[in-house]
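Working notes, beginning with the structure itself.
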Amino acid sequence: MDIKAYIALALTLFTIGVIGVLVRRNAIIIFMCVELMLNAVNLLLVGFSKMHAISPAAKALPTYASDAQIFVFFIMVVAAAEVSVGLAIIVMMYRNTHSVDVNFLNRLKN
Amino acid sequence: MTNIFKLIWLIPILPLIGFMLNGLGRKAFSKGVSGFIGTGVVLASFVISLFVFLDVKNGNAHTVHYFDFLHLTAYKIGFDFKIDQLSSLFLLIITGVGFLIHLYSTAYMHEEDSKDFAKYFSYLNLFVFSMLLLVMGGNFVIMFIGWEGVGLCSYLLIGYWFKNNDYTNAAKKAFIMNRIGDLGFLLAVFWLLAKLGTVSYDEVFSAASLAKLSATDITGITLLLFVGATGKSAQIPLYTWLPDAMAGPTPVSALIHAATMVTAGIYMIARSNVLFSMAEHTQTIITIVGLATALFAASIAIKQNDIKKVLAYSTVSQLGFMFIALGTGNYVAAVFHVLTHAFFKALMFLGSGSVIHAMGGEQDIRRMGGLHKHMKITSITFFIGCLAIAGIPGLSGFFSKDEILAGAYGHSKLIYSLTLFAALLTAFYMFRLYIITFTGKFRGTTVQEHHLHESPWAMTVPLIILAILSVIGGYVGVPESLGGHHELAAFLGPVVKSAQHHLNHNTEYILMALSTGLVLLSILFAWTRFKNYKVEAESTGFGRILQNKWYVDEIYNAVILNPLKGLSNFFSNVIEKKGIDGVVNGAGKAVNYGSRQLRWLQSGQVGAYILLMVIGILCLFIVQLFFNN
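Chains W and X supply the protein sequences, listed in that same order. Numbered according to the working numbering, the first sequence spans residues -15 to 94. Numbered according to the working numbering, the second sequence spans residues 19 to 647.
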């Protein structure tokens, strides 16, 4: 498949993620959007790695094709850890404010 | 080298020790102790100077090298003392007259606290030390150290009563005026170093006589040296500090006017006579300045009512005479006049001190009068001083002044007649002072009249000694026409080469008779005018101009001081406050204001932060895309 399709998909997902973070106030949704951006980048990483693996220039170094895919797994593992921390923060936030609206947390203003 | 020459370092060191002792022990010493130390060290210096003088008289002149004062790759400036005929004579004047003034001060300053008393004597000793260093130095640099030293000491002593604002201003004026002159001196020394690489007298003068200096160099150097001399020796245009220097205690005025300080300029030019004889233009300028000063100051002295101010302007005028002598190449006459002037001017200053002492601090002659019957010794000695300065035959002033006049006559008849006129003015104002102060009726308050008394012996003895010297001091220089041999000229001959104007004896007799006759007339005129002196109304017209000293201080204020003050005010109020402070405070204010405004960006809204972050990232992308090729 053409790499452009992957790029387009990743770009779309990333843009959705950015817009979601910017416009939504629900912390959980924002969190999900952050994950969406993260995975858009993952997708791009895998896509480019595949592209380079089949290109003539990379034939001399065949192992490059799997490097990025392994790297993506690492990212997912770290992201999972991050999710657990992030969710814990959201739980704590809910306990304190009885809301998950990030706009309540504006004590640092001015 | 004879034995006494091994001791010459003691001459300046002794007053320095006196200065140290009195300065450090001022809280511990009683008045008697500090007076004894201060006077004793100068007396000891005088005794050594006397032996040195006798030795030099036998033909032993030496330059003694002690150590290298400065040792650079190109130059080597030694700490040398040059003891020859000229400096040994000045040593005698400084330590001798200086001793009498010290002795006098022990009585005059007796009302001061013992701490101030010791301070006074330590300054006085430092003054003598500086002056000795000035005349003993074997090169221009050592002379400059002493030169600066006397400037400093005059500042300290004029501002001795430093709690009075006017007095400290007078002290500052003296210091600053001197600094202007010192700059000229310093530049001359630099010029010499640059051209010859040496400042030692012997080397400079021998180089100059071997024509190693171009005419321009010599004219420039001598002119700059002369600028230095105008500062120290109070000539136009830098003389205004000397009358103001009256702010100091009276013995200090005597010291400045007679023994030290003002003679420094004369000494320096007489010392450098080899250079000055080669610089015709400089000599012309010196003559003109001397003549102008002599007339100018004498005219001011006629109208002054402060006893010390009259004497101060008289000093300025007499210094003018000395400069006329220097300018006409008559160096011996200048040194001779320094010698005789030291006697009679010290005498008159100390006499005026005695009068002020008796009057309880009053200095205005309009409130004196008839003092003769209350203080005979002071009056008689003062009268002798007046006779001497007026140039009555037989007294010291006659011989020295006559020699200056004869030299001026040999030079040009115009200079002669103007100098003679200044001499007549001298006689007139001195006798005006004497007649108003010592004769007639007392015009002060009755309290003052009861207080009138003759001064104690420590004040009258110096007066008597100085009066005797004022009478006989002239006989070291009796001219050949009067059957003398002029011992002074013969003595100074090896060092000071005067241009000889051989007038025939008949001309000299005529000149002497002329000046004596006119001086007597002038005295007579003063007598008729002031014998029934009453306090005059404010003078008008020309007299008013003279009373206000030709408005020189006012002119200096308007032309130099006020523009300078305006400029510094402009710098302090506009440049400093608006400019520099504006930039510094402006930077602070800008940051303050900017951060106050930027504060509102921190809204606390997470969404807003992220939006800004996204915008930032986009900006970076744009930069990356378009500008990073």
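Cβ coordinates follow ideal geometry from the N, Cα and C atoms, glycine included.
* Asked: Cβ of ALA189(X) within 9 Å of Cβ of ALA79(X)?
  -> Translated into positions along the second sequence, residue 189(X) becomes position 171. Translated into positions along the second sequence, residue 79(X) becomes position 61. For ALA189(X) and ALA79(X), no; Cβs fall outside 9 Å.
**Prompt:** Is it true that the CB of GLY215(X) sits closer than 9 Å to the CB of SER251(X)?
**Reply:** Taking the first residue of the second sequence as 1, we reach residue 251(X) at position 233. Taking the first residue of the second sequence as 1, we reach residue 215(X) at position 197. Contact flag unset, no.
query = Any heavy atom of the ligand COA within a distance shorter than 8 Å of the CB on VAL513(X)?
reply = Ligands are entirely absent from the displayed structure, and the ligand COA is therefore not among its contents.
I need the boundaries of the alpha helix (DSSP H) containing LEU205(X), first residue and last residue.
Taking the second sequence and counting its residues from 1, one reaches residue 205(X) at position 187. 183 to 214 is the span of the alpha helix (DSSP H), which, as asked, contains LEU205(X).
Tell me which residues of the region 609 to 631 of chain X have at least one Cβ-Cβ distance to chain W shorter than 8 Å, keeping chain order. ARG617, TRP618, GLN620, SER621, GLY622, GLN623, VAL624, GLY625, ILE628 and LEU629
I'd like to know if LYS(-12)(W) contacts chain X, where contact means its C-beta is closer than 9 Å to some C-beta of that chain. Looking up residue -12(W) in the first sequence gives position 4. So no, LYS(-12)(W) is outside the interface.
**Message:** Taking the alpha helix (DSSP H) that VAL479(X) belongs to, which residues open and close that run?
**Reply:** Stepping through the second sequence from its first residue, residue 479(X) is reached at position 461. Here the alpha helix (DSSP H) through VAL479(X) covers 475 to 490.
| When you compare each of PRO480(X), GLY347(X), ASP262(X) and ILE26(X) to ALA125(X) by their alpha carbons, which one comes out closest? | Counted from its first residue, the second sequence places residue 125(X) at position 107. Selected option, being the one with the closest Cα: PRO480(X).
- Touching by the beta-carbon criterion (3+ pairs, under 8 Å), the region 154 to 166 of chain X and the region 90 to 106 of chain X: yes
- Near HIS429(X), which residues of its chain fall below 6 Å by C-beta distance, leaving aside the five closest residues on each side in sequence? Against the second sequence, residue 429(X) aligns to sequence position 411. These residues qualify, in order along the chain: THR346.
query = Does any residue of chain X bring its CB to less than 9 Å from the CB of ILE14(W)?
reply = Here residue 14(W) is taken as the residue at index 30 of the first sequence, counted from 1. Yes - at least one Cβ of chain X is within 9 Å of the one on ILE14(W).
* Asked: Between which two residues does the beta strand (DSSP E) containing LYS100(X) stretch?
  -> As a working mapping, residue 100(X) is identified with position 82 in the second sequence. Per DSSP, LYS100(X) belongs to the beta strand (DSSP E) from 94 to 101.
_Between ASN90(W) and chain X, is any beta-carbon pair separated by less than 9 Å?_
Numbered from 1 along the first sequence, position 106 holds the residue referred to as residue 90(W). Judged by the 9 Å Cβ criterion, ASN90(W) is in contact with chain X.
* Taking ASN87(W) as the query, report the chain X residues whose CB atoms sit under 7 Å from its CB, ordered along the chain. => The residue you call residue 87(W) lines up with position 103 of the first sequence. Near ASN87(W) (Cβ distances below 7 Å), the residues of chain X are GLN623.
**Asked** Out of curiosity, what's the CA-to-CA distance linking CYS404(X) and MET149(X)?
**Response** For the purposes of this step, residue 404(X) is taken as the residue at position 386 of the second sequence. For the purposes of this step, residue 149(X) is taken as the residue at position 131 of the second sequence. Near 27 Å, if we compare the C-alpha coordinates of MET149(X) and CYS404(X).
**OP:** Check the Cβ of VAL2(W) against every Cβ in chain X and list those closer than 9 Å, keeping chain order.
**Re:** For the purposes of this step, residue 2(W) is taken as residue 18 along the first sequence, with counting starting at 1. What VAL2(W) touches in chain X: ILE628 and VAL632.
field: Below-9 Å beta-carbon distance, LEU71(W) vs any chain X residue
entry: For the purposes of this step, residue 71(W) is taken as residue 87 along the first sequence, with counting starting at 1. So no, LEU71(W) is outside the interface.
Original post:
From VAL30(W), SER68(W), MET77(W) and ALA63(W), pick the residue whose C-alpha is nearest to that of ALA52(W); which is it?
Top reply: For the purposes of this step, residue 52(W) is identified with residue 68 of the first sequence, where counting begins at 1. Closest option to ALA52(W), Cα to Cα, is VAL30(W).
Assign LEU630(X) to buried or exposed, taking buried as 16 or more other Cβ atoms, counted over all protein chains shown, within 10 Å of its Cβ. Along the second sequence, one-based indexing puts residue 630(X) at 612. Counting Cβ neighbours within 10 Å, LEU630(X) comes out exposed, since fewer than 16 surround it.
Cβ shell of TYR349(X) (< 6 Å), same chain only, five flanking positions each side left out: Walking along the second sequence from the start, residue 349(X) turns up at place 331. So the list reads ALA288, ASN291, VAL514 and SER516, once near-sequence residues are dropped.
For this session: Using a cut-off of 8 Å between C-beta atoms, extract the partners of LEU6(W) located in chain C.
Result: In the structure shown, chain C does not exist; the protein chains are W and X.
Taking only runs of the beta strand (DSSP E) that begin and end inside the region 336 to 414 of chain X, which ones reach a length of at least 3 residues, in chain order?
-> none
Provide the residue span of the alpha helix (DSSP H) that contains THR463(X), from first to last. The sequence position of residue 463(X) within the second sequence is 445, counting from 1. From DSSP, THR463(X) is part of no alpha helix (DSSP H); its letter is neither H nor E.
*asked:* By the DSSP assignment, the beta strand (DSSP E) with HIS83(X) in it spans what residues?
replied: Position 65 of the second sequence, counting from 1, holds the residue named residue 83(X). From DSSP, the beta strand (DSSP E) with HIS83(X) extends over 80 to 89.
ASP220(X) versus ALA277(X): straight-line alpha-carbon distance, rounded: Within the second sequence, the letter at position 202 stands for residue 220(X). Within the second sequence, the letter at position 259 stands for residue 277(X). Each residue's Cα considered, the two are about 26 Å apart.
Notebook entry, point to check: Where DSSP assigns a beta bridge to GLY155(X), which residues make up the other side?
Noted result: As a first step, residue 155(X) must be located in the second sequence, where it is residue number 137. PHE99(X).
Q.
By the three-class DSSP mapping on this structure, what secondary structure does ASP324(X) have?
A. Here the question's residue 324(X) lines up with position 306 in the second sequence. Looking at ASP324(X) - three-state DSSP - the assignment turns out to be strand.
Quiz item: Would you say the region 382 to 402 of chain X touches the region 310 to 319 of chain X, given that touching needs at least three Cβ pairs under 8 Å?
Solution: no
Item to check | Contiguous alpha helix (DSSP H) assignments of at least 4 residues, all confined to the region 245 to 288 of chain X | outcome: 259 to 262 and 268 to 272
Close Cβ partners of LEU32(X) (< 6 Å) along its chain, the five nearest in sequence each way excluded
Numbered from 1 along the second sequence, position 14 holds the residue referred to as residue 32(X). Cβ within range, chain order: VAL59, ALA62 and SER63.
_For ILE134(W), the nearest candidate out of VAL67(W), ASN80(W) and ASN90(W) (CA to CA)_ = The structure shown does not extend to residue 134(W), since chain W is modelled only from -15 through 94, so no value can be given for it.
| said: Is the beta carbon of ALA263(X) closer than 9 Å to that of ILE111(X)? | reply: For the purposes of this step, residue 111(X) is taken as the residue at position 93 of the second sequence. For the purposes of this step, residue 263(X) is taken as the residue at position 245 of the second sequence. Contact flag unset, no.
Practice prompt. Determine the closest residue to LEU107(X) out of ILE342(X), VAL217(X) and VAL153(X), with distance taken between C-alpha atoms.
Written response: Walking along the second sequence from the start, residue 107(X) turns up at place 89. Nearest option by C-alpha distance: VAL153(X).
Within-9 Å CB hit, LYS34(W) to chain X: The residue given as residue 34(W) occupies position 50 in the first sequence. No - not a single Cβ of chain X is within 9 Å of the one on LYS34(W).
>> In the DSSP output, which residue or residues are listed as bridge partners for ASP131(X)?
In response: On the second sequence, residue 131(X) is found 113 positions in, with the first residue counted as 1. In the DSSP output, where bridge partners are listed per residue, ASP131(X) has none listed.
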